[in-house]
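Residue numbers (our numbering): 6 to 274.
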């Protein structure tokens, strides 16, 4: 790669993108690799075919979620959202124009847009791209998508109405749905339902084989800290709240860490 750069070859970036892609698949989690690949793709997308753009952007968004997973901070959400936005802009969100929009990718875009506050973009995704999913998924995903959107808008009752009718046969829905329902119950002050949902999540995580050990750990930590959040909400002990916030930030392995910290801040206010 260095020789190609030195000789002014127009293909050096193409070779480097493939090499960094190899490292991403073989290496430990590295923010440096993430940022390097992100810049390479941004600067050289004209060198890649539609299929190559889809493959490399899909690889990098998945890697970004892993690299930043469980951290309390907006960095991951904004960084990965920018990649998703670029995929839509470049028509690089499908393997080919004749393929369906993959439901897992649509879900990732939806959640990341909501978490990073890009609600207009999120609504555009629902209105313009939902119809490109496989017909078997469209109705279910519409309920899920609108539940996520209404939640992002702070319309918790409407979010609940959309999500209650969802058939959670797709395994990633199950975890997402339980997490989101807990947060909606919390926002609405439905404390008994909140505790019940945490118990439901705990049993699901103990019994399911659908999730990797890392994803399970992130979710289990969320259940643990969410239970502590409910107790802190009742007690309103400022020292307890600060200790919990510190624990969440230091764990670096907690799903929805930003939301937990935000709710703890509200208690102290």
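Each residue gets a CB set at the ideal place from its N, CA and C atoms; glycine is no exception.
Our contact map puts residue i next to residue j with C-beta atoms below 8 Å; I'd like the distance itself, whole angstroms only.
i: residue 245; j: residue 237; result: 5 Å
i: residue 135; j: residue 143; result: 6 Å
i: residue 212; j: residue 243; result: The Cβ separation is near 37 Å, so there is no contact.
i: residue 180; j: residue 224; result: 6 Å
i: residue 189; j: residue 156; result: 6 Å
i: residue 62; j: residue 88; result: 6 Å
i: residue 200; j: residue 171; result: Between residue 171 and residue 200 the Cβ distance is about 22 Å, and since that is not below 8 Å, they are no contact.
i: residue 202; j: residue 183; result: 6 Å
i: residue 249; j: residue 233; result: 6 Å
If you compare alpha carbons, which of the options is closest to residue i?
i: residue 35; options: 107, 73, 259; result: 73
i: residue 204; options: 231, 96, 126; result: 231
i: residue 265; options: 185, 123, 201, 6; result: 185
i: residue 109; options: 66, 95, 27; result: 66
i: residue 60; options: 37, 271, 30; result: 30
i: residue 92; options: 121, 120, 56; result: 56
i: residue 158; options: 125, 178, 137; result: 125
i: residue 151; options: 141, 168, 138; result: 168
i: residue 27; options: 10, 64, 256; result: 64
i: residue 178; options: 100, 111, 267, 90; result: 111
i: residue 102; options: 118, 132, 58; result: 58
From residue i to residue j, what distance separates their C-alpha atoms?
i: residue 146; j: residue 153; result: 10 Å
i: residue 40; j: residue 83; result: 13 Å
i: residue 97; j: residue 86; result: 14 Å
i: residue 235; j: residue 196; result: 8 Å
i: residue 219; j: residue 8; result: 39 Å
i: residue 241; j: residue 269; result: 10 Å
i: residue 128; j: residue 114; result: 11 Å
i: residue 251; j: residue 239; result: 19 Å
i: residue 192; j: residue 18; result: 48 Å
i: residue 105; j: residue 33; result: 32 Å
i: residue 141; j: residue 254; result: 40 Å
i: residue 69; j: residue 95; result: 19 Å
i: residue 71; j: residue 120; result: 16 Å
i: residue 122; j: residue 194; result: 23 Å
i: residue 100; j: residue 215; result: 25 Å
i: residue 138; j: residue 6; result: 39 Å
i: residue 90; j: residue 256; result: 29 Å
i: residue 132; j: residue 118; result: 14 Å
i: residue 160; j: residue 187; result: 15 Å
Is residue i helix, strand or coil when you go by DSSP?
i: residue 138; result: strand
i: residue 106; result: strand
i: residue 16; result: coil
i: residue 100; result: coil
i: residue 117; result: helix
i: residue 296; result: There is simply no residue 296 to check, as the chain begins at 6 and stops at 274 in what is shown.
i: residue 95; result: coil
i: residue 122; result: coil
i: residue 216; result: coil
i: residue 157; result: helix
i: residue 171; result: coil
i: residue 6; result: coil
i: residue 274; result: coil
i: residue 54; result: coil
i: residue 146; result: helix
i: residue 242; result: coil
i: residue 87; result: helix
i: residue 33; result: coil
i: residue 68; result: helix
i: residue 195; result: coil
i: residue 164; result: helix
i: residue 74; result: coil
* Are the segment 42-61 and the segment 20-28 touching, with three or more C-beta to C-beta distances below 8 Å? -> yes
* Determine contact between the segment 205-224 and the segment 149-165, defined as no fewer than three beta-carbon pairs at a distance below 8 Å. => no
* How about the segment 256-267 and the segment 214-230: do they share at least three Cβ pairs that are nearer than 8 Å? -> yes
* To do: Take every Cβ of the segment 50-62, pair it with every Cβ of the segment 7-14, and state whether three or more of those distances are shorter than 8 Å.
  => no
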